[in-house]
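Visitor:
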Amino acid sequence: MRVLTGQLGVRVDKPATAAEYLDALSPERKEAVERLMTIIRAHLPDGYQEIMNSGMPSWVVPHSRYEAGYHVNPEQPLPFLGLASQKSHIALYHMGIYASPSLMEWFVEAYPKHSKTKLNMGKSCIRFKSLANIPYDLIGQLCAKMSAQQWIDIYEAHVRRG
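Counting from 201, one number per residue, gives the positions in the sequence shown under our numbering.
The structure is reproduced here in structure tokens:
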């Protein structure tokens with residue numbers, strides 16, 4: 201664990217590895233997050249790298265593939281996907297779905313065919329409140345739909361540097 205000082209000087213322990221992250225979860229959450237991580241790893245095209253970012257397992261386009269990095273902080277690799285166990289839900293942060301209207305349309309249309317629960321999306325995430333109704337197969341399909349190069353191209357079309 202990395203020890204950080206958060207807002208208001210409060211001590212925050214952030215896991216340094218995905219294994220530490222998983223070990224800190226309840227058994228039910230651990231099972232669901234671990235299964236999602238396995239699916240993401242199996243379906244994400246080559247070119248992404250798994251790291252810990254913002255205290256959660258994340259997949260990024262590394263500097264070795266995209267030297268410019270993330271425009272907010274070019275020292276960071278280009279973020280693509282993150283997975284977090286939040287207080288009341290599991291959140292999947294998929295940058296591509298928000299930058300690609302066609303991918304968003306596909307996902308919104310496909311979701312009811314794969315889950316009994318209503319789609320719960322925020323401005324930056326897909327929320328899963330019911331662990332029993334996570335559409336694992338659909339998440340695998342979503343992960344497979346965007347290569348690292350496609351993500352770079354979409355990202356560059358939307359971001360103005362300098």
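No residue lacks a Cβ here, since even glycine has one placed at the ideal position from N, Cα and C.
1. Out of I352, C343, I240 and Y266, point me to the one whose CA is closest to W306's CA.
2. Going by Cα to Cα distance, which pick from D337, P274 and W351 is closest to R235?
3. For Q341 and D213, I'd like the C-alpha separation in whole angstroms.
4. Would you give the residue range spanned by the alpha helix (DSSP H) that M237 belongs to?
5. I297: which of L222, V308, A224 and H289 sits nearest, CA to CA?
6. Could you check how far apart the C-beta atoms of G269 and Q276 are, in whole angstroms? I think they sit under 8 angstroms.
7. What span of residues does the alpha helix (DSSP H) with L292 cover, start to end?
8. Suppose you measure from the CA of V233 to the CA of E267; what does that come to, to the nearest Å?
9. Keeping to the same chain, check which residues put their C-beta closer than 6 angstroms to that of P245; ignore five residues upstream and five downstream.
10. Hey, out of I251, Q349 and M304, whose CA is closest to A284's CA?
Guide: In this structure, then:
1. C343
2. D337
3. 33 angstroms
4. P227 to H243
5. V308
6. 6 angstroms
7. Segment I290 to H294 is the beta strand (DSSP E) holding L292; no alpha helix (DSSP H) there.
8. 30 angstroms
9. S347
10. I251
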